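A short worksheet on the structure shown next.
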Amino acid sequence: MPPIVLVLNGPNLNLLGTREPATYGHETLADISAMCGRAAEEFGLTVEFRQTNHEGELLDWIHAARGRCAGIVINPAAWTHTSVAIRDALVACELPVIEVHLSNVHAREPFRHHSFVSAIATAVMAGFGSHGYRLALEHFSLRLKG
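What follows is the structure, encoded as structure tokens:
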């Protein structure tokens, strides 16, 4: 079975395609999930793609990835700037993590410039739109090949 990469999405991303399309684009989360599935197949990976508006659920998914997945791609959304719990869970799972943001958070409001995840992430993709997810999956594929 190909290595599993867990792709996690935080709050409000279920509204993609209709929420602030000037900032986040017109693609839906279902569109991004389908693209990730195609990319995973191309790169020899298996993707588990999930979204939640409940922080505890996200923490449970991160904990369950430990020892089962090859890595985590995460768009923590608003929790990027607020959740020490998510940061600590990502450290505890002992997996490589790539942080993804659709928009360039550094060109937005000052409160978005700080991330609790970035300092513990293997890489950060910001401002690439949904292509950032594909780049993250490609990076994991290359990393796993050695």
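Quick note: the sequence shown uses the numbering used here, first residue 1432, plus one each step.
Using N, Cα and C, we set each Cβ at its ideal position, and we do this for glycine too.
Note that this is a predicted model, so its numbers are computed, not measured.
Option in the options with minimal Cα separation from residue i
i: residue 1507; options: 1433, 1555, 1432; result: 1555
i: residue 1559; options: 1443, 1435, 1463, 1450; result: 1463
i: residue 1467; options: 1438, 1444, 1487; result: 1438
i: residue 1524; options: 1504, 1444, 1577, 1481; result: 1504
i: residue 1519; options: 1441, 1552, 1537, 1448; result: 1552
i: residue 1501; options: 1550, 1471, 1454, 1442; result: 1471
i: residue 1522; options: 1446, 1566, 1454, 1548; result: 1548
i: residue 1461; options: 1495, 1550, 1473, 1440; result: 1440
Cβ neighbour criterion (16 or more within 10 Å) applied to residue i
i: residue 1530; result: buried
i: residue 1493; result: buried
i: residue 1436; result: buried
i: residue 1536; result: buried
i: residue 1511; result: buried
Where the beta strand (DSSP E) containing residue i begins and where it ends
i: residue 1646; result: Because the chain is modelled from 1432 through 1577, residue 1646 falls outside the range shown and cannot be assessed.
i: residue 1516; result: No beta strand (DSSP E) holds residue 1516; the alpha helix (DSSP H) holding it covers 1515–1523.
i: residue 1554; result: 1554–1557
i: residue 1502; result: 1502–1506
i: residue 1537; result: Element bounds for residue 1537: n/a, residue is neither H nor E.
Where the alpha helix (DSSP H) through residue i begins and ends
i: residue 1438; result: Counting along the chain, residue 1438 falls outside any alpha helix (DSSP H), though it belongs to the beta strand (DSSP E) covering 1435–1440.
i: residue 1466; result: 1460–1474
i: residue 1451; result: Per DSSP, residue 1451 belongs to no alpha helix (DSSP H) and is neither H nor E.
i: residue 1551; result: Per DSSP, residue 1551 belongs to no alpha helix (DSSP H) and is neither H nor E.
i: residue 1563; result: 1562–1576
i: residue 1492; result: 1486–1496
Rounded distance between the beta-carbons of residue j and residue i, thought under 8 Å
i: residue 1476; j: residue 1497; result: That pair is no contact at about 18 Å.
i: residue 1516; j: residue 1479; result: Contact doesn't hold; Cβ gap of about 21 Å is too wide.
i: residue 1442; j: residue 1509; result: 5 Å
beta-carbon residue i near the ligand ADP non-hydrogen atom, thresh 7 Å
i: residue 1516; result: Questions concerning the ligand ADP fall outside what the structure shown contains, since it holds no ligand whatsoever.
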